[in-house]
Amino acid sequence: MSVHATARIVATRDGGLPVLESAGPLALRRTRADGAHTRVTVVGAMSAPLGGDRLAIEVDVREGARLYVDSAAATVALPGPAPAPADYGITLNVADDAELRWLPEPLISARGSELRMRTRVRLAPTARLVLREEQILGRHAEETGSLTTRLTVHRAECPLLDQELAYGPAAPDGWDGPAVLGGHRAVGQLLIVDPEFEKHPVQPRRLGETAVLTPLAGPAVLVTAVAPDALALRRMLDAVLSGNGSG
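The opening position of the sequence shown corresponds to residue 182 in the working numbering, with each subsequent residue numbered one higher.
Right, dumping it as structure tokens:
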């Protein structure tokens with residue numbers, strides 16, 4: 182039987198979490214604070230998403246709040262008893278003078294799975310965001326499943342980023358070719374939105390052999406990387422977060 186579940190988080194300026202609502206396999210736990218940020222960890226309560234599942238997380242970071250969201254382990258997309266694909270939707274709203282650090286563990290696309298993942302972000306003009314997405318195409322020595330991800334970001338009601346990626350048997354031909362992944366099995370994006378970039382623009386640059394930093398048409402930068410495995414990918418993205426690649 183497929184699962185339909187929506188988990189919700191609301192964070193406030195005083196560090197409160199007036200809404201922390203787990204659902205289905207998405208268990209939310211308040212964990213040790215990270216600096217000035219209220220911290221919430223997503224804990225998988227069961228194997229998910231499976232074929233036919235409809236899962237969602239909705240996050241509302243209210244004015245002046247600081248929220249850090251991570252996960253206890255990787256999310257593994259698996260085939261299920263239903264022949265339909267699984268859907269996983271994430272909605273992030275960040276108000277003025279608020280900050281969200283969305284840093285979950287990777288999504289692993291297991292052989293035989295089919296997952297459609299959609300992340301929608303709405304930012305107020307003075308909101309700040311750090312968002313990391315990592316996709317691992319297949320478990321160790323395993324072919325990937327079919328995975329489609331779309332990331333849509335609006336800032337001050339204007340489009341900032343709309344990016345769709347597709348991998349695996351259901352993707353168009355060429356997804357694994359030399360002009361796309363070139364045989365790599367780990368893919369990552371790191372999006373940083375900060376009004377300070379309006380005063381101090383960041384220049385585009387390569388970050389090693391398989392990563393690039395690109396300024397967007399707004400106070401934001403996007404890092405896109407491919408790597409042979411999850412560990413190498415995380416090292417690339419962490420280098421930017423630690424200030425070694427974003428200055």
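The beta-carbon is built from N, C-alpha and C at its ideal position, and this holds for glycine as well. Since we're looking at a predicted model, the values are computed, not measured.
(request) Let me know the secondary structure DSSP gives Pro396 once reduced to three states. (result) Sequence index remark: in the sequence shown, residue 396 carries index 215 (1-based). In the three-state reduction of the DSSP assignment, Pro396 falls in the strand class.
(request) Just grab the DSSP bridge partners of Pro385 for me. (result) Along the sequence shown, read from residue 1 onward, the residue named residue 385 stands at position 204. In DSSP, Pro385 forms no bridge with anything.
(message) Quick check: the Cα distance between Ala253 and Leu209, rounded to an integer number of angstroms?
(response) Position 72 of the sequence shown, counted from the start, is the residue given in the question as residue 253. Position 28 of the sequence shown, counted from the start, is the residue given in the question as residue 209. For Ala253 and Leu209, the gap between their C-alpha atoms comes out near 10 Å.
(message) Check this for me: beta carbons of His365 and Thr395, under 8 Å apart or not?
(response) To locate residue 365, count along the sequence shown from 1; it is residue 184. To locate residue 395, count along the sequence shown from 1; it is residue 214. With contacts defined as CB atoms closer than 8 Å, His365 and Thr395 fail to qualify as a contacting pair.
(request) Please check the pair Pro266 and Leu296, which I expect to be a contact at CB under 8 Å, by giving their CB distance rounded to whole angstroms. (result) By one-based count along the sequence shown, residue 266 stands at place 85. By one-based count along the sequence shown, residue 296 stands at place 115. Sure, about 6 Å apart at Cβ, within 8 Å.
(message) Nearest by alpha-carbon distance to Gly233: which of Gly225, Tyr269, Gly216, Ala204 is it?
(response) Counting from one through the sequence shown, the residue named residue 233 turns up at place 52. Nearest of Gly225, Tyr269, Gly216, Ala204 to Gly233, Cα basis: Tyr269.
(request) Can you give me the start and stop residues for the alpha helix (DSSP H) that Ala420 sits inside? (result) Numbered from its first residue, the sequence shown carries residue 420 at position 239. That run of the alpha helix (DSSP H) goes 411–422.
(request) Can you have a look at Asp241 and say buried or exposed, based on whether 16 or more other CB atoms are within 10 angstroms of its CB? (result) Against the sequence shown, residue 241 aligns to sequence position 60. Under the 10 Å beta carbon count, Asp241 is surrounded by 16 or more other beta carbons and is classified as buried.
(message) To the nearest angstrom, how far is the alpha carbon of Pro385 from that of Tyr348?
(response) Taking the first residue of the sequence shown as 1, we reach residue 385 at position 204. Taking the first residue of the sequence shown as 1, we reach residue 348 at position 167. Counting only the Cα atoms, Tyr348 lies some 26 Å from Pro385.
(request) State the start and end residues of the unbroken beta strand (DSSP E) segment that holds Gly225. (result) Counting from 1 along the sequence shown, the entry for residue 225 is found at position 44. Element bounds for Gly225: 218–225.
(message) Just verifying my parser: in three-state terms, what is the DSSP assignment at Asn425?
(response) Taking the first residue of the sequence shown as position 1, residue 425 is located at position 244. Bear in mind that the predicted position of Asn425 carries a pLDDT of just 43, short of 50, making it unreliable; the figure below should be weighed with that in mind. It is coil, neither helix nor strand.
(request) Could you tell me if Met298 is buried or exposed, where buried requires 16 or more neighbouring beta carbons within 10 angstroms of its beta carbon? (result) Numbered from its first residue, the sequence shown carries residue 298 at position 117. Per the 10 Å Cβ criterion, buried.
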